[in-house]
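Chain order of the listed sequences is L and W. So in the numbering used here, the last one in the first sequence is 277, and the numbering has no gaps at all. So in the numbering used here, the last one in the second sequence is 277, and the numbering has no gaps at all.
Number of protein chains: 2
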Amino acid sequence: MAAAPRHREKIVRSAAVLFRRQGYAGTGTSQILTVSGAPRGSLYHYFPQGKEQIGQAAIEYAGDLVTGTLARLTEQRPTPGDVLREYGRLLAGWLQDSDYRDGCPITTTLLELAPESEGVSAAGRRAFAAWTATLEQALLAAGADPVRAPRLASLAIAALEGALVLARVQQDSTVVTDAADDVADLFDAATR
Amino acid sequence: MAAAPRHREKIVRSAAVLFRRQGYAGTGTSQILTVSGAPRGSLYHYFPQGKEQIGQAAIEYAGDLVTGTLARLTEQRPTPGDVLREYGRLLAGWLQDSDYRDGCPITTTLLELAPESEGVSAAGRRAFAAWTATLEQALLAAGADPVRAPRLASLAIAALEGALVLARVQQDSTVVTDAADDVADLFDAATR
DNA sequence: GCTAGCATGTGGACCAGTCTGTATAGCAGG
DNA sequence: CCTGCTATACAGACTGGTCCACATGCTAGC
């Protein structure tokens, strides 16, 4: 080895931030390079398949962050309903703090590339699966019906995902906390 | 007047289809022209503010189609819950028929441009407002609590919106019908 | 009722800039 | 000295947008 690989991480992180705000096609590789401070050579050294591979890496990176946050909340909060309520509040706060620019970190890229790009679709599938699995485990641990749990978990992710779109367009994050609270009530009812 | 304006409509319709599948930035004006059969001059004749104005027109066009569908269902189906269940089935069918390419017709463009582009954001706001208003009216007509109705309507749109993203990535439309059915049960409970 | 003039819309050539991706030279560390 | 990485110059395709000559069909004036 030589010259520590300083740039790979910065490229992925910068790409994730930019894709989240302006979308995949709306973000040029040059912009990723400017923001990350990496030279073009490094980009194609780490990502020989080019931009699409960066899209995949960015989704994996951002997806893991969300999974980690959900897992942490699951440990901290007493019930699955409270996990969801708290996560809704977190999302609403981030949205407001960014002037309604930072929505879901993977949705935009996925909508632009899925199902056309297989690699990106697979990364998105893994991310969504991990998120729903985390909620599903929490529901099962709280005594929910094994048939009902996965469906409720998917509903929660879908509702939050959609609420983030509405909130961004309406520049009002109420819909996010409201949706989280409503589905959380369903969680409560299913684990009582 | 002279030379009947043949091309405007075709430009908007083609743009709506393309934006829905590949996103706004991922669709070039040349592609819109090829698909619509219009010449470049016509595009900038009808849309002097260029591509962004087409994005706005495409959102208005697609938004009105959805509003119309929801209004029609509201007349045909006995309860708001049944409207939602039926609409979920329609969406799932369209998604499957298009090999999971045709999701929500306005989400992708909105996520790419909102809140940066004011015109596009406003068009999206109007579309979402019309959709939720249609469901809200149905809920109120069925005797739902005036405080609860708008919130339930927003939840329904958010859940469907998010479910369409999940379904497209997972190439499985079950989540759409499931989400619609779950929220429809809430509609039923609120109008009983 | 003819025609000149005019607004509306068509068709496409063209431009400057940007895009993704390639090629290759240089550099640091084992 | 060889390998992993950095750094930059460059290429070809394509982008959104401008411009202008031309076709079309209504209307005012005679």
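Heads up, the beta-carbon is just placed ideally off N, CA and C, and yes, glycines get one too.
- prompt: Are the beta-carbon atoms belonging to residue 196 of chain W and residue 111 of chain L less than 8 Å from one another?
  reply: Your numbering for residue 196 of chain W matches position 111 in the second sequence. Your numbering for residue 111 of chain L matches position 26 in the first sequence. Residue 196 of chain W places its beta carbon 8 Å or farther from that of residue 111 of chain L.
message: For chain W, check one thing: does any of its Cβ atoms lie closer than 8 Å to the Cβ of residue 265 of chain L?
response: Locating residue 265 of chain L in the first sequence gives position 180, counting from the first residue. No, its Cβ sits nowhere closer than 8 Å to a Cβ of chain W.
field: Where residue 115 of chain W falls, given that 16 or more other Cβ within 10 Å makes a residue buried
entry: Here residue 115 of chain W is taken as the residue at index 30 of the second sequence, counted from 1. Per the 10 Å Cβ criterion, exposed.
- request: For chain W, find out if any of its Cβ atoms is closer than 8 Å to the Cβ of residue 115 of chain L; answer yes or no.
  value: Along the first sequence, one-based indexing puts residue 115 of chain L at 30. So no, residue 115 of chain L is outside the interface.
Chain L contact residues for residue 213 of chain W, given Cβ-Cβ distances below 8 Å: Reading the second sequence from its first residue, position 128 is the one you call residue 213 of chain W. Scanning chain L for C-beta atoms nearer than 8 Å to the C-beta of residue 213 of chain W yields 251, 254 and 255, reported in chain order.
task: Check the Cβ-Cβ distances between residue 260 of chain L and every residue of chain W, and say whether any is below 8 Å.
output: Within the first sequence, numbered from 1, the residue matching residue 260 of chain L stands at position 175. True, the Cβ-Cβ gap to chain W drops below 8 Å.
query: Which class does residue 139 of chain W belong to by DSSP, given the choice of helix, strand or coil?
result: To locate residue 139 of chain W, count along the second sequence from 1; it is residue 54. Residue 139 of chain W falls in the helix class under three-state DSSP.
field: Interfacial residues, the region 189-222 of chain L to chain W, with Cβ spacing under 7 Å
entry: Taking 7 Å as the upper bound on Cβ-Cβ separation, chain W lies near residues 192, 193, 195, 196, 197, 199, 200, 206, 209, 210 and 213 of the region 189-222 of chain L.
- prompt: Is there at least one Cβ from chain W nearer than 8 Å to residue 239 of chain L's Cβ?
  reply: Translated into positions along the first sequence, residue 239 of chain L becomes position 154. It does; some Cβ of chain W falls within 8 Å.
message: Using CA atoms only, rank isn't needed, just tell me which of L/188, L/149, L/168 and L/145 is closest to residue 258 of chain L.
response: As a working note, residue 258 of chain L is residue 173 in the first sequence. Distance check between residue 258 of chain L and each of L/188, L/149, L/168 and L/145 places L/188 closest, using alpha-carbon atoms only.
field: Residue-chain proximity (residue 246 of chain W, chain L), Cβ-Cβ < 8 Å
entry: The sequence position of residue 246 of chain W within the second sequence is 161, counting from 1. At a cut-off of 8 Å between beta carbons, residue 246 of chain W contacts chain L.
message: Contact between the region 131-146 of chain L and the region 234-241 of chain L is defined here as three or more beta-carbon pairs at a separation below 8 Å; is this criterion met?
response: No: fewer than three Cβ pairs fall under 8 Å.
Residue 214 of chain L vs residue 144 of chain L beta-carbon contact at 8 Å: In the first sequence, the residue the question calls residue 214 of chain L occupies position 129. In the first sequence, the residue the question calls residue 144 of chain L occupies position 59. No. Outside cutoff.
Three-state secondary structure assigned by DSSP to residue 209 of chain L: Working through the first sequence from its first residue, we reach residue 209 of chain L at position 124. Helix, per DSSP.
task: Could you give the DSSP three-state label for residue 186 of chain L: helix, strand or coil?
output: Here residue 186 of chain L is taken as the residue at index 101 of the first sequence, counted from 1. Here residue 186 of chain L sits in coil by DSSP.
Residue span of the alpha helix (DSSP H) that contains residue 303 of chain L, given as start and end: With chain L covering only 86 through 277, there is no way to say anything about residue 303 of chain L.
- prompt: Taking the continuous alpha helix (DSSP H) assigned at residue 129 of chain W, which residues delimit it?
  reply: Residue 129 of chain W sits at position 44 when you count from the first residue of the second sequence. Where residue 129 of chain W is concerned, the enclosing alpha helix (DSSP H) stretches over 125-131.
query: Using a Cβ-Cβ distance under 8 Å, would residue 277 of chain L count as near chain W?
result: The sequence position of residue 277 of chain L within the first sequence is 192, counting from 1. Taking CB atoms only, residue 277 of chain L has no neighbour in chain W less than 8 Å away.
query: Under three-state DSSP, which class holds residue 110 of chain W?
result: Residue 110 of chain W sits at position 25 when you count from the first residue of the second sequence. Coil.
query: Between the C-alpha atoms of residue 201 of chain W and residue 182 of chain L, what's the straight-line distance to the nearest angstrom?
result: Counting from one through the second sequence, the residue named residue 201 of chain W turns up at place 116. Counting from one through the first sequence, the residue named residue 182 of chain L turns up at place 97. Distance between the alpha carbons of residue 201 of chain W and residue 182 of chain L: 15 Å.
query: Name the chain L residues whose beta carbon is nearer than 9 Å to that of residue 110 of chain W?
result: For this step, residue 110 of chain W is matched to residue 25 along the second sequence. Close partners of residue 110 of chain W in chain L (Cβ separation under 9 Å): 107, 108, 109, 110, 111, 112 and 197.
field: For residue 254 of chain L, the three-state DSSP class (helix, strand or coil)
entry: If you number the first sequence from 1, residue 254 of chain L lands on position 169. When secondary structure is reduced to three states using DSSP, residue 254 of chain L falls in the helix class.
query: Does DSSP classify residue 153 of chain L as helix, strand or coil?
result: Counting from 1 along the first sequence, the entry for residue 153 of chain L is found at position 68. Three-state result, residue 153 of chain L: helix.
- prompt: Where does residue 202 of chain L sit, in a helix, a strand or coil, going by DSSP?
  reply: Here residue 202 of chain L refers to the residue found at position 117 when the first sequence is read from its first residue. Assignment of residue 202 of chain L by DSSP, reduced to helix, strand and coil, places it in the coil class.
- prompt: For residue 163 of chain L, which of helix, strand or coil comes out of DSSP?
  reply: Counted from its first residue, the first sequence places residue 163 of chain L at position 78. Of the three classes helix, strand and coil, the one that applies to residue 163 of chain L here is coil, per DSSP.
- prompt: Is the CB of residue 242 of chain L under 8 Å away from at least one CB in chain W?
  reply: Taking the first sequence and counting its residues from 1, one reaches residue 242 of chain L at position 157. Among the CB atoms of chain W, one or more fall inside 8 Å of the CB of residue 242 of chain L.
query: Looking at the structure shown, is residue 178 of chain W part of a helix, part of a strand, or coil, going by DSSP?
result: Stepping through the second sequence from its first residue, residue 178 of chain W is reached at position 93. It is helical.
message: Distance check for residue 210 of chain L and residue 97 of chain L, CA to CA, integer angstroms please.
response: Within the first sequence, the letter at position 12 stands for residue 97 of chain L. Within the first sequence, the letter at position 125 stands for residue 210 of chain L. Straight through space, the alpha carbons of residue 210 of chain L and residue 97 of chain L are spaced by roughly 19 Å.
query: Going along the region 224-236 of chain W in order, which residues come within less than 8 Å of chain L, judged by CB to CB distance?
result: Answer in chain order: 236.
field: Minimum Cβ-Cβ distance from residue 186 of chain W to chain L less than 8 Å
entry: Position 101 of the second sequence, counted from the first residue, corresponds to residue 186 of chain W. Yes, residue 186 of chain W lies at the interface with chain L (some Cβ there is under 8 Å from its Cβ).
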